[in-house]
Structures are given as structure tokens and as C-alpha cells.
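Per this note's numbering, the sequence shown starts with residue 4, numbered consecutively. Structure first, commentary second.
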Amino acid sequence: MMRLHLTDPWTIAATVAYSAVVLITYAVMSRRWPHRWLIVLTSLQCLSLLLIPGQSRSLSTD
Numbered sequence: 004m005m006r007l008h009l010t011d012p013w014t015i016a017a018t019v020a021y022s023a024v025v026l027i028t029y030a031v032m033s034r035r036w037p038h039r040w041l042i043v044l045t046s047l048q049c050l051s052l053l054l055i056p057g058q059s060r061s062l063s064t065d
């Protein structure tokens, strides 16, 4: 059994990369389609809540 914590360097790198993608998406969508970016960002945030556990939790893989 292996435990991954949010202090793991790969998890931190993935979180930073994800945040950069969200920021770039926000910039592009708000520039080209000002009314549609909100739908995209809301969807990404909902997906983020489902995929990334809270700070006090850890992922367990078998």
C-alpha cells in the first residue's frame, strides 16, 4: 500500500500545472468569449473538487 500526500513534489507540480492551465484558460476565454468562460471555469472547479482531496486527506492506492 502506498500513500500519496499533498506535500509530495509530483502532486504539488501537478497542482501548479493545473492552476496555470486554469489561469490561461480564463485569460483566453474572457478575451474571446466573455460570457462563456464562466461556464468553463465552473466546470473545471467542480472537476477539481472531485479529483483533488482536501489538505487533511490523503490518497491511498493499493
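Heads up, the beta-carbon is just placed ideally off N, CA and C, and yes, glycines get one too. Here the structure is a predicted model, which is why all the values come from computation and not from measurement.
| said: I'd like the span of the alpha helix (DSSP H) that includes ARG35, first residue to last. | reply: To locate residue 35, count along the sequence shown from 1; it is residue 32. That run of the alpha helix (DSSP H) goes 12 to 35.
| task | Could you tell me how far apart the beta carbons of MET32 and VAL25 are, in whole angstroms, since I believe they sit closer than 8 Å? | result | The count along the sequence shown starts at 1 and reaches residue 32 at position 29. The count along the sequence shown starts at 1 and reaches residue 25 at position 22. Between VAL25 and MET32 the Cβ distance is about 10 Å, and since that is not below 8 Å, they are no contact.
| Proximal residues to ALA17 (C-beta, below 7 Å), its chain only, five neighbours per side dropped | Reading the sequence shown from its first residue, position 14 is the one you call residue 17. Around ALA17: no qualifying Cβ.
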